[in-house]
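Enquirer: The sequence shown begins at -8 in the working numbering and counts up one residue at a time. Beta carbons: idealized from backbone N, C-alpha and C, even for Gly.
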Amino acid sequence: MDMRLQFLGGTGTVTGSKYLLEVGGMRLLIDCGLFQGYKTLRLRNWARVPVDPASIDAVILTHAHLDHSGYLPLLAKEGYRGPVYCTAATRELCEVLLPDSGRLQEEEADYANRKHSSRHEPALPLYSEEDARACLLQLRPCAFDQEIRLGPKVALRFWAAGHILGAAIVELNVDGKRIVFSGDLGRPHDRIMKPPMVISQADWLLVESTYGNRQHDPEDPRVKLGQIIRRTVAQSGVVLIPTFAVGRAQSLLYLIHLLKASGEIPQVPVYLNSPMAIDATEIFMRHQGEHRLSREQCEAMCRGASMVQSAEESIELNRRHGPMIILAASGMATGGRVLHHLKAFAPDARNAIVFSGFQAGGTRGAAILGGASHVRIFGEEIPIRASVDNIPNFSAHADADEILGWLRGFRAAPRHTFIVHGEPDAADSLRRRIADELHWPVSVPDYLQQVDLTA
């Protein structure tokens, strides 16, 4: 059976994951992510994918993060009418994330038009909230470890990836041959999420490489976060944490709850200022089988924070003085309410900006973490005088050693392993380690590269 694979994203970057598999007359798109970060990458979102959306038979999502799901509303808008297979929790999270993405794009376009801060007249959203809600009807939830027949000789199975709620490793069985897509791999000893399932066999493997060139700091993030909060509270400052709404917000809430309960930090007010993260937290509580926390622990972490829903409440926070802790999306400061908080609090040296995960190149988060003295927000240059800290060992991604540990679970080398979803240095570093330590055939594909798997 003829099989061709094309890399439509997730190459040379940690964003825009899309992999087109053509097999037995079928076209399957594994992941459907937005490009984020550098403008040259973001412009790819505006270029049509090099395949007619109407010709795709099925879309398969590894998980709900926008770099894996956020292009779906546009794909549907441009003609895709087929099913979107995902886990149950991924569907629930997409019901939160995708409409929010469309709404934010509409709001940002409207703001740019009112302030004349865009080079485009008029500025337009990539897609609308209505577009996003329409595509949700195509989502088909599936259980883990359940065979889903996609065609006479093609079957799909999801395995738990441990990265965030609902995250899956995708296994496609094509006439007896197995193609495995790792998606984003979680960590074996995460405080909240369970470890990724061990996969023992694959003929072809696509593996992520976000942290393919480094190891996470072994220090418990609780220690550093506690130090930052105590220091900032002592000077009546604001601790602002740009937060990924799904996964990271819940981990941070739980850790802050533990710090308060143990007396390691004062009983300072905590605000979760992200309706999306609030909704995701409720979904988190409904899927207890996928993580390590009990219902009592989930409820305790939620009681420790004030949930900020309305825009008026969000604006009011900017008028307050510290000490307080604000968690607000987005995690790379690319959009959302955190931008208004950065504008309000970044110029004050008493405050702290704390990043808690990977910052893709070209994002405001990467610029601030890289020492930028100013960043552009809503057309204005905002000075960064607040202290800037990073706690990378909060990451929900496996590091290089952890990825290698997961790969050692395979009983035999795949015919070929493709390194995806990583910046160039990270991807190539992981490629070298796989070649040198495991002696597997391995390569880093290029953007839009096509591979004949039957060759």
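(1) Residues bridged to residue 374 by DSSP?
(2) Identify whether residue 202 lies in helix, strand or coil by the three-state DSSP scheme.
(3) Compute the Euclidean distance between the alpha carbons of residue 332 and residue 440, then round it to the nearest angstrom.
(4) Could you work out which residue in 121, 47, 115, 82 is closest to residue 64 when comparing CA atoms only?
(5) Determine which residues share a DSSP beta bridge with residue 126 and list them.
(6) Which one or two residues does DSSP pair with residue -8 in a beta bridge?
(7) Which residue wins for smallest C-alpha separation from residue 426, given the options 445, 399, 438?
(8) Do you know offhand how far residue 526's Cα is from residue 191's?
(9) Can you tell me whether DSSP reads residue 289 as helix, strand or coil?
(10) Judging by CA-CA distance, which residue of -6, 384, 370 is the nearest neighbour of residue 168?
(11) Nearest CA to the CA of residue 214: which residue from 389, 243, 198?
(12) Return the bridge partner residues of residue 445 from the DSSP annotation.
(13) Just checking: is the beta-carbon of residue 29 within a distance shorter than 7 Å of some beta-carbon in chain B?
(14) Considering Cα atoms alone, identify which of 136, 146, 347 is closest to residue 447.
(15) Measuring only the C-alpha atoms, how far is residue 265 from residue 205?
(16) Return the CA-CA distance between residue 200 and residue 318, expressed in angstroms with no decimal places.
(17) Do residue 380 and residue 345 have their C-beta atoms closer together than 7 Å?
(18) Can you say whether residue 267 is buried or exposed, counting buried as having 16 or more other CB atoms within 10 angstroms of its CB?
(19) Closer than 6 Å by C-beta to residue 433: which residues in its own chain qualify, once you throw out the five before and the five after it? Chain order, please.
(20) Classify residue 235: buried if its beta carbon has 16 or more other beta carbons within 10 angstroms, exposed otherwise.
(21) What is the residue span of the alpha helix (DSSP H) that residue 84 lies within?
(22) What are the boundary residues of the beta strand (DSSP E) that residue 343 is part of?
(23) State yes or no: is the C-beta of residue 90 within less than 7 Å of the C-beta of residue 66?
(24) Any idea what DSSP makes of residue 299, helix, strand or coil?
(25) Taking all protein chains shown into account, decide if residue 315 is buried (16 or more other Cβ within 10 angstroms of its Cβ) or exposed.
(26) List in chain order: all unbroken beta strand (DSSP E) runs of 3+ residues lying wholly within the segment 303 to 346.
(27) Can the beta-carbon of residue 382 be found less than 7 Å from the beta-carbon of residue 347?
(28) I'd like to know if the segment 101 to 108 and the segment 141 to 160 are in contact, where contact means that at least 3 CB-CB pairs between them fall below 8 Å.
(29) Between which residues of its own chain and residue 133 is the CB-CB distance below 8 Å, once the five residues before and five after are set aside?
(30) Could you tell me which residues DSSP puts in a beta bridge with residue 262?
Expert: This is what the structure gives:
(1) 365
(2) strand
(3) 41 Å
(4) 121
(5) Note: residue 126 sits in no beta bridge, so no partner.
(6) In the DSSP output, where bridge partners are listed per residue, residue -8 has none listed.
(7) 399
(8) This structure cannot speak to residue 526, because the chain is shown only from -8 to 446.
(9) helix
(10) -6
(11) 243
(12) Bridge partners of residue 445: none, in fact.
(13) Here there is only one protein chain, and chain B is not present.
(14) Outside the shown range of the chain, which is -8 to 446, sits residue 447, and nothing can be said about it.
(15) 31 Å
(16) 27 Å
(17) yes
(18) buried
(19) 408, 422, 425, 426
(20) buried
(21) 79 to 106
(22) 343 to 346
(23) no
(24) coil
(25) buried
(26) 315 to 319, 343 to 346
(27) yes
(28) no
(29) 76, 77, 78, 79, 139, 147, 149
(30) 297, 317
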